[in-house]
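A short worksheet on the structure shown next.
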Amino acid sequence: MIGCRLLPLGNGRLGRISPNNYANYFLIDTARPQDSALPGLLGDMTVISGLDAKTQTALQRGSTLNICQFSFQNLPRVLQRLEDMNTTAKIKRDFFVKVWETYYKLGTKEDFGTLEKLPIVAARSESLTEYEFLTVDDFKAYKRPAILSDPCMPGSRMFNLLQKHGLLIIDRQTFPKWSFANEWVRDEGVETHGGLYRLLRCIEMLAQQNGRSIEMFIRTLFGKDLELFEKLGNLICCANLTSFNNQQADRAKMILRKLPIIPSIKGNDGAMPYLSPETALLAPSAHIKLDKVKRVQRFVSNTWASSHSRELDFLEIKPISAENLLIQDFFVRLGSTLSADLLEPYFQLLNSHGTFELMSRLPVALDGNLKFSMANMLYDHRSALFQAAFHHREVTSFLHPKLRNLDWTRTTLVRHVTSDEIYLSCARGIEDQSKLSLNNDLLLGRASRVFDFLRWETPELRRICGNFQTNMWRSVPFVPAQYSDRNDTLRDSTMRDNVPKNRLISLFSGVLPEYVDICWSQKPFFREAPCKTVLSLLPPGYGRPTAQTVISHLQFLSQKRRQIASAEFPSFIASAKACYRYLQNLGQRLDIPEDHEIWFNTDEESPSREVFNNSWVSTMNLCLGLEYDSRNLQYARSSLQTFVALLQNCNVRTIRGPIARPPPVPRNGDMPYSAVLLAQFQLFRVEQKFVDVHIHIGGEKMGVHKVVLCAASEYFQTMFSIPMREEAEHIIDWNDSGFTALTAERLIHWIYTGEMKAIAASDPTSEMEQLLELMGAANCYLLQDLKEWAAYSLYSVRYIRPETVRAVKKYALECDAKVLVEGCETYVKENLDIVERESPEAL
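Note that full-length UniProt numbering has the sequence shown beginning at 1, numbered continuously upward.
Structure follows, in structure tokens:
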């Protein structure tokens with residue numbers, strides 16, 4: 001039979017039998033589905049099925065002929081022949097269905113090893129009638145974007161679009177239903193674990209084939225059809241994402257994070273785009289409504305998020321940090337402004353996630369204009385001090401009212417009075433308000449609230465004053481000053497003029513109210529006193545007037561003395577004495593210009609206008625140690641007697657009068673002079689000697705006794721012992737003697753009694769002139785004791801004064817009164833500058 005055409009073929013022809021181990025013809029078993037399909041498919045290779053079993057066995061004996069029983073091993077040749085014949089895909093598909101049916105009935109594990117390497121898996125692409133064929137190995141290795149068909153696929157727009165871009169839908173009839181122990185052959189429907197992973201891999205491959213990222217591929221594919229995004233998301237999220245095996249989980253997660261399958265919050269336009277988990281943002285809290293946020297579509301829908309916590313965990317979609325949300329979506333930038341429609345969600349965010357660290361690091365505080373600011377740049381709205389200081393710019397200085405009830409505003413984030421710089425800003429706030437057209441009472445009320453902080457000894461105030469870095473706030477005019485609308489007196493008008501129109505002064509310029517009497521012309525006064533700690537920061541007087549200020553006030557009183565009404569005299573005098581008392585209590589030397597008439601010097605309690613005006617004396621013309629006025633010098637009267645220490649500290653000179661000396665000793669020893677004279681006179685009287693001598697002077701005639709005169713002075717003894725006119729006429733003419741009748745009377749009185757007749761109290765200069773005249777007469781008539789008594793009387797502060805000392809000295813020299821001369825020289829030496837100013841050259 002070899003070489004003979006004896007084989008009846010399926011196409012009606014006969015096949016040649018040849019000795020070849022390469023089978024050209026196949027014996028078929030009509031009980032096998034694949035065999036039954038061959039005659040119609042490849043009739044020229046198929047032996048008809050009518051041969052009996054014995055014949056078929058003989059033809060296959062030894063496998064030496066080109067005839068064999070058709071098996072899975074022969075499929076590669078069949079496939080090649082079908083390819084050569086340009087067999088339609090539909091015919092191929094139908095044949096492959098028969099192959100798999102045969103495999104399910106008769107196939108072995110070894111047979112499957114053959115089948116999985118053959119392109120016998122049919123898959124539809126864009127056209128539902130056209131097929132592509134791939135191997136099971138290709139499918140297993142994800143070499144082609146192919147998935148198993150599913151009941152939900154027919155008519156599905158989503159899968160249709162994917163097919164148009166290369167997705168292959170495998171015909172389940174051409175796909176193995178089981179693979180023995182191989183786990184990969186499960187039901188790989190897209191709604192199940194295995195099918196979902198394959199779908200993800202297919203989408204990844206399609207994106208790569210289209211040269212796009214996964215997210216961009218899907219967005220381009222679906223366009224604006226949100227329903228497609230929703231279906232894809234539902235398809236994926238309905239599967240159990242957590243059941244991926246270890247090999248699949250990471251890859252699946254990577255692909256899923258790139259798919260736009262997460263619904264976002266609806267925007268103002270109502271659109272709800274879908275986000276990829278990679279770019280999706282989860283709000284920090286579900287209750288925070290972000291629908292007004294400009295880029296709200298970046299956020300996962302709160303509704304979806306609340307029902308898909310498992311998917312969120314698997315896809316690693318974490319809530320955005322409050323910090324990033326603030327920066328990226330509320331655009332928190334120092335100085336920028338928050339949109340008004342975002343205020344409510346902004347409040348919700350801060351209320352739930354506003355930590356101290358966040359609030360202190362970012363400018364999340366809002367002022368009244370919704371402008372972002374650091375919290376420590378705004379002030380505590382609950383503070384009356386801040387409300388008063390920044391009332392004029394309340395909108396920009398305090399937290400927005402919406403944020404004021406947040407817990408974090410009760411911390412130290414917002415500004416409190418914790419430093420002198422902050423208090424300086426408060427002081428300047430009042431200063432700024434003073435430049436506005438505000439009612440004075442309103443301005444002063446606010447200034448008082450700011451100043452009240454300085455009135456009380458609080459730990460906060462001590463801390464600020466103890467660690468201050470700047471003292472600028474002490475020079476800012478924010479302190480309420482005393483002010484009076486009265487204009488009755490010079491004091492009222494002057495004090496009013498010292499206060500600015502806004503009635504605010506600085507701490508440096510003000511004085512405590514208790515010192516108003518001693519400097520009301522020079523300084524404004526605090527309406528209320530600051531506490532001691534604050535006063536200690538105000539050198540040099542700690543709120544008290546300086547010595548120079550008080551001296552200037554005294555100068556003011558002196559200069560204005562002629563301009564005031566008599567009714568103001570007591571006030572001026574009391575103010576001057578208060579100044580003297582204050583300066584004296586300072587106990588320090590003061591430098592006062594000598595020509596400033598600041599000393600009110602009088603003995604009268606209620607002086608007349610003339611006395612009041614003339615009682616103000618300068619340091620140069622005031623002198624201690626005097627008991628009388630001396631030319632330009634005045635002695636300190638009762639109004640200044642209690643302020644001697646002050647006068648000395650102000651360089652008021654003290655005149656040191658002549659040192660007291662003992663009276664002259666009588667020349668007759670212990671026997672009283674009068675007794676000697678009287679005894680002598682008694683003798684002369686008894687003997688009637690030297691009687692009837694008369695002294696003529698100044699129209700007066702004085703009867704004396706020669707004997708008395710002679711007993712008193714050798715001058716008279718000589719006069720009456722030689723022939724002279726006096727002896728002959730019994731007349732002594734003293735009209736040209738150079739002294740007065742009063743001096744002559746005192747001289748005769750001395751001769752008869754040995755006592756110097758008292759000089760009637762009068763002007764000190766007149767008294768001094770009488771004593772000088774008496775001393776001269778005593779010297780002329782050699783009455784030494786009388787001369788010494790006269791010199792002794794002159795040696796007194798009443799007569800030896802700066803303006804008289806040189807004249808007294810000159811006269812003493814002429815009379816040879818040595819003791820008086822020495823006293824005058826000592827006086828001049830000790831008070832030389834005053835003597836040179838007050839005393840002209842001695843005549």
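For glycine and all other residues, C-beta sits at the position ideal for the given N, C-alpha and C.
Option in the options with minimal Cα separation from residue i
i	options	result
L626	I800, S336, I255 and L312	I800
F347	A388, P401 and A305	P401
I262	L461, A761 and S301	S301
A27	G3, M1, L647 and Q60	Reading off the sequence, residue 27 comes out as Leu, not Ala. The shortest C-alpha separation from L27 is found at Q60.
L772	Y752, I751, S796 and H749	S796
P524	F478, F356 and A283	F478
A53	L42, F175, T64 and D29	D29
A712	R172, T753, I695 and A744	T753
N11	S125, P39 and Q784	P39
R609	F569, L148, L624 and N632	F569
L794	L782, V821 and Q784	V821
F139	E110, G107, S156 and R172	R172
I236	A252, P8, L406 and N245	A252
W520	E514, M495 and P539	M495
E460	Y423, A249 and W616	Y423
I697	S383, E745, V805 and H308	E745
H287	P319, T642, R257 and L256	P319
Y131	W100, K231, S306 and I170	I170
N614	M620, P802 and N601	N601
T642	R589, F612 and N585	N585
residue 851	S264, L334 and N651	Missing from the structure shown is residue 851; the chain here goes from 1 to 843 and no further.
S276	F299, A283 and V476	F299
R653	A636, I659, R661 and P662	A636
I518	S493, Q548 and P530	Q548
R544	R562, L554, K829 and Y515	Y515
R589	S243, A645 and S575	A645
I759	A790, E729 and L162	A790
E814	A778, E803, I218 and N376	A778
K177	V121, Y811 and N86	V121
Strand pairing of residue i, partner residues [DSSP]
i	result
W616	F600
residue 922	With the chain running from 1 to 843 in the structure shown, residue 922 is simply not present.
R446	In the DSSP output, where bridge partners are listed per residue, R446 has none listed.
S49	S49 pairs with nothing; no bridge assigned.
E132	A123
V300	S264
R16	R5
F372	L366
Q634	L622
A481	F526
Beta-carbon separation (whole angstroms), residue i vs residue j, contact threshold 8 Å
i	j	result
K809	E825	7 Å
A37	K90	13 Å between Cβ atoms; not a contact.
K292	L370	So it is not a contact: roughly 14 Å between Cβ atoms.
F229	Y274	4 Å
F451	A481	With a Cβ gap of about 11 Å, F451 and A481 do not count as contacting.
L624	E714	The pair is not a contact, with the Cβ atoms about 46 Å apart (cut-off 8 Å).
S558	D603	Not confirmed; about 19 Å, so no contact.
L362	L403	With 8 Å as the limit, L362 and L403 do not qualify as a contact, their Cβ atoms being about 14 Å apart.
Contact test: residue i Cβ vs the ligand HEM heavy atom, cutoff 7 Å
i	result
S243	Within the structure as shown, the ligand HEM is missing, as the structure has no ligands at all.
Would the stretch 62–73 and the stretch 131–146 be scored as touching if the rule is three or more Cβ pairs under 8 Å? Cβ pair count under 8 Å is below three, so no.
Could I get the ranges of all uninterrupted alpha helix (DSSP H) runs contained in the UniProt domain "BTB" (691–760), with 4 residues as the minimum, in chain order? 706–712, 714–721, 725–729 and 741–753
Would the stretch 424–438 count as touching the stretch 381–399 if we require 3 or more Cβ pairs under 8 Å? yes
Where in the stretch 195–242 do unbroken runs of the beta strand (DSSP E), each at least 3 residues long, occur, reported from the N-terminal end onward? Fully enclosed beta strand (DSSP E) runs of 3 or longer: not present.
Can we say the stretch 532–544 touches the stretch 482–498, given the rule of at least three CB pairs closer than 8 Å? no
When you compare the stretch 440–454 with the stretch 500–510, are there three or more beta-carbon pairs, one atom per stretch, that lie closer than 8 Å? yes
Are the stretch 156–171 and the stretch 202–214 touching, with three or more C-beta to C-beta distances below 8 Å? Yes: at least three Cβ pairs fall under 8 Å.
Whole beta strand (DSSP E) elements within the stretch 35–101, 3-residue minimum: 67–69
How about the stretch 322–342 and the stretch 357–370: do they share at least three Cβ pairs that are nearer than 8 Å? yes
Along the chain, which unbroken stretches of the alpha helix (DSSP H) at least 4 residues long are found entirely within the stretch 507–585? 516–519, 532–535 and 547–559
Can you confirm whether the stretch 351–358 touches the stretch 372–383 when touching is taken to mean that 3 or more C-beta pairs between the two stretches lie within less than 8 Å? Too few Cβ pairs lie closer than 8 Å, so no.
Suppose only complete runs of 4+ residues qualify. What are the alpha helix (DSSP H) ranges in the stretch 275–338, listed by chain order? 302–307, 309–314 and 322–328
Using 8 Å as the threshold, is the stretch 278–287 in touch with the stretch 304–324, meaning 3 or more CB pairs across them? yes
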